[in-house]
Amino acid sequence: MENAVLEWKRVVKKRDRMVLGPVDLKLYENYVTALIGRNGSGKSTLMKLAAQLIMPDEGEVTWYGQSYPQGLPTDVRASIAYVPENFAAEEDSLKMDDVAQFRASWYPKWDWQRFEELLNRFEVPGGKKMNKLSKGQRRKFEIAAALATRPKLLLLDEPSSGLDPFAWKTMMNEIRRCVDEDGASVLLSTHIVEEVRRMADYLVLMEKGRSLGLLEKDALLDRGREIWIGRDDELLAEMPGVVESAIEAEGMIRFVTLDYAGASALLDEAGVKPIRVRALELDEAMEHWMNGSLLD
Amino acid sequence: MRIPVQINESSAEPLYHQIETQLRSLIVTGQIAEGTLLPSIREFSADLKCSVITIRRVYQDLENEGMLRTRQGTGTFVAKVDTDDREAYRKRIVVDAVRELLDTAKSVGYELSDLRELLDETLREEERK
């Protein structure tokens with residue numbers, strides 16, 4: 356069940372404003388993995404490597420366990436759909452239908468019915484030239500075209516930017532359908548917490564060109580807790596995974612731990628019943644992870 | 054189908070545990086009838102905004118307990134719950150609630166004798182109704 360779809364092995368790539376890597380990362384089949392991290396942390400570079408739009412300077416990328424330094428074979432390439440953050444200008448003067456025809460000729464599994472259905476649902480007007488589409492419409496066109504290829508691997512670089520809330524919801528449902536019905540694997544970079552909440556199984560955090568690892572979303576959520584107890588400085592000093600603590604009132608302390616299992620065992624052992632325990636929100640947990648305070 | 058499971062975001066309980074407890078309770082109490090086809094793992098996880106890994110674990114656990122069965126290619130169904138299980142489960146819910154009561158009483162410094170008195174009083178009131 357746990358087959359690696361994509362793997363970056365000791366990958367280094369020098370870019371204009373940053374150096375990616377060395378990155379070691381593995382994505383598993385039939386999951387949705389969200390790629391998170393600040394602007395310029397290397398998310399798009401990682402994704403372009405996965406689409407083989409660029410080649411690594413060092414290390415290798417593998418697809419289904421195979422590396423293709425001479426270029427991806429047609430069948431592998433046709434199983435990958437990629438929606439970039441910014442669209443190529445070469446297609447600007449072409450008509451939508453011609454672009455679709457061209458894509459269809461490259462992808463043997465291209466599904467016209469699905470494509471038309473998606474454009475309809477996204478309410479993208481037909482017959483226009485690509486450069487006459489609004490930013491949001493252009494993105495909708497690209498998402499529809501990516502899904503119409505019936506991909507095994509779907510790479511989406513900030514797909515929701517410029518989408519209205521209805522299109523956003525449609526997009527998420529359609530991506531889910533593609534994972535559920537076609538067994539696809541999805542890598543999606545995003546800044547939107549709600550998107551991560553609704554879609555992701557795994558999270559990958561990028562920071563300054565490095566990957567801080569792959570975590571199961573719910574495991575991250577289950578680790579972080581904010582806890583209030585009667586003041587006990589000695590107990591607090593022993594508490595595992597504490598990233599924040601404060602005296603909240605006479606005789607009451609509050610702390611945030613990223614090792615709830617450990618903290619809870621210690622509290623039980625000491626016979627202390629917390630006054631209150633609150634789970635961290637996903638964005639809070641992600642922030643602590645970004646700050647490097649997540650213990651492994 | 055949408056299963057009436059509600060995740061308490063601020064609960065200290067792990068996600069899979071919350072989902073498992075509620076789903077088990079729905080099955081044992083017969084609120085979800087034998088033979089019902091449950092949503093696919095991906096559908097259910099989207100509904101609850103959790104990962105498929107969590108739902109897979111819940112389905113697996115309940116399948117091991119004999120409450121669910123999975124037919125390859127068709128999906129996951131609710132199995133028959135036998136009467137003994139149902140009784141044991143009802144008892145477990147009440148025992149857990151009593152435990153919780155005890156913890157609460159302790160945390161506000163109630164003596165056991167005071168608690169017993171309070172319980173007796175409450176039961177007598179209930180009987181008079």
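If you read the protein sequences in the order shown, they are chains A and B.
Quick note on the numbering used here: the first sequence kicks off at 356 and runs consecutively.
Quick note on the numbering used here: the second sequence kicks off at 54 and runs consecutively.
Each residue gets a CB set at the ideal place from its N, CA and C atoms; glycine is no exception.
Item                                                                                                                     : Value
Extent of the continuous alpha helix (DSSP H) run through A:W523                                                         : P520 to D537
8 Å contact criterion, which A:L509 and A:A555 should meet: CB distance rounded                                          : Not confirmed; about 13 Å, so no contact.
Contact check, A:A522 vs A:F457, beta carbons under 7 Å                                                                  : no
Under 8 Å by beta carbon: chain B residues contacting A:K628                                                             : D156, K159 and S160
Contact list for the stretch 124-143 of chain B against chain A, Cβ threshold 8 Å                                        : none
Where A:R505 meets chain B, residues with beta-carbon distance less than 9 Å                                             : The contacting residues do not exist; A:R505 stays about 17 Å from chain B at best.
A:S396 beta carbon less than 7 Å from that of A:E562                                                                     : yes
Segment contact flag, the stretch 474-491 of chain A with the stretch 444-457 of chain A, C-beta cutoff 8 Å, min 3 pairs : yes
Local Cβ density within 10 Å of B:G128, reported as buried at 16 or more and exposed below that                          : exposed
Within chain A, the residues that B:R95 reaches when beta carbons sit closer than 8 Å                                    : R531, V534 and D535
Beta-carbon spacing of A:V548, A:L637 below 7 Å                                                                          : yes
Alpha-carbon to alpha-carbon, B:Y163 and B:E178                                                                          : 21 Å
Beta-carbon proximity check, A:P506 vs A:A436, cutoff 7 Å                                                                : yes
A:V577 classed as buried or exposed, judged by whether at least 16 other C-beta atoms fall within 10 angstroms           : This sequence places Asp at residue 577 of chain A; Val is not what is there. By the 10 Å Cβ count, A:D577 comes out buried.
7 Å Cβ cutoff met for A:K628 and B:S160                                                                                  : yes
Helix, strand or coil at B:R143 according to DSSP, with G and I counted as helix                                         : helix
Meets three-Cβ-pair contact criterion under 8 Å: the stretch 109-118 of chain B and the stretch 58-73 of chain B         : yes
Through-space distance from B:E73 to A:A592, alpha-carbon basis                                                          : 34 Å
Rounded separation between A:M451 and B:I94 - CA only                                                                    : 36 Å
Proximity test, Cβ basis, 7 Å: A:R553 and chain B                                                                        : yes
Three-state secondary structure (DSSP) of B:A86                                                                          : coil
Where B:L165 falls: helix, strand or coil (DSSP)                                                                         : helix
Spatial neighbours of A:V360 in its chain, beta-carbon cut-off 8 Å, leaving aside the 5 residues before and after        : L382, Y383, E384, W418, Y419, K507, L508 and S540
Contacts that A:Y386 makes with chain B (C-beta to C-beta distance below 9 Å)                                            : S104, V105 and I106
A:T504 versus B:G88: straight-line alpha-carbon distance, rounded                                                        : 37 Å
Helix, strand or coil at A:I547 according to DSSP, with G and I counted as helix                                         : coil
Same chain, Cβ closer than 8 Å to B:L115, five either side skipped, listed in chain order                                : E73, L76, R77, I80 and L121
Limits of the alpha helix (DSSP H) - the one that A:K490 falls within                                                    : K490 to A503
DSSP state of A:M356 mapped onto helix, strand, coil                                                                     : For A:M356, the predicted structure reports a pLDDT of 49, less than 50, and the residue's modelled location is therefore unreliable. A value from the coordinates is still provided. In this structure, A:M356 counts as coil in the three-state DSSP scheme.
Residue environment, A:D430, which counts as buried when at least 16 other CB atoms sit within 10 Å                      : exposed
Unbroken alpha helix (DSSP H) run spanning A:G617, endpoints                                                             : Y615 to A625
A:F496 versus A:V378: straight-line alpha-carbon distance, rounded                                                       : 32 Å
Sub-7 Å separation of A:E413 and A:V367 beta-carbons                                                                     : yes
Contact between the stretch 578-591 of chain A and the stretch 615-623 of chain A (3+ Cβ pairs under 8 Å)                : yes
Residue-level contact to chain B via CB, A:D577, 7 Å cutoff                                                              : yes
CB contact check: A:K572 to chain B, cutoff 7 Å                                                                          : yes
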